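In UniProt numbering, the protein residues as written are 1 to 141. In this text, a Cβ means the ideal position worked out from N, Cα and C, and glycines have one as well. Fair warning: this is a prediction, and the values are worked out from it, not measured in the lab.
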Ligand SMILES: Cc1cc2nc3c(=O)[nH]c(=O)nc-3n(C[C@H](O)[C@H](O)[C@H](O)COP(=O)(O)O)c2cc1C
């Protein structure tokens, strides 16, 4: 069974609901899935998974959340990451997704295979939640 890990930071719940829908999609597609807030996640949750999803809001001047998500993500800088399939997801208030564009390039530089992403303004709508589910299914292929 394929293992999928979904790790995110959320305070207001907008990113969390995306995480839940990615989880549902990956579960439906038959994977063994874990979903964790980053403050409960370990490096091994990522290294032991076949595919992963990372989520964050745009915070602190159009960047991923800086106090917990940033140090977690930074750990992968010096690992090979094996071209592992990765989905990135997030929410912004006003940057129009600029933080996501930077994050995608960064994770590609770190050796991940970014197979999809979703960025929403504040709370996701129904169509965006469907896309999140689809991204979850995609991680299992
Ligand atoms: C303290 C704080 C800082 C924020 N900084 C930014 C920012 O720099 N750029 C931006 O586009 N949105 C910013 N936002 C808006 C959040 O990205 C947006 O509300 C998002 O949906 C929050 O996700 P969450 O509900 O999962 O916590 C900020 C929100 C808060 C509360």
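By the neighbour-count criterion, in which 16 or more other beta carbons inside 10 Å mark a residue as buried, residue 88 falls on the buried side. Residue 91 counts as buried, since at least 16 other C-beta atoms from the protein chains shown sit within 10 angstroms of its C-beta. Not one heavy atom of ligand 1 lies closer than 7 angstroms to the C-beta of residue 39. Annotation: the continuous beta strand (DSSP E) that includes residue 57 extends over 51-59. In the same chain as residue 14, and ignoring 5 residues on each side of it, the C-beta atoms closer than 8 angstroms to its own belong to 57, 91, 120, 122, 123 and 124, in chain order.
8 angstroms or more divides the Cβ of residue 52 from the Cβ of residue 78. Burial of residue 9 is indicated by the presence of at least 16 other C-beta atoms within 10 angstroms of its C-beta.
Taking every protein chain shown into account, the CB of residue 135 has 16 or more other CB atoms within 10 angstroms, so this residue is buried. Contact holds between the segment 93-110 and the segment 54-74, because three or more Cβ pairs, one in each stretch, are under 8 angstroms apart.
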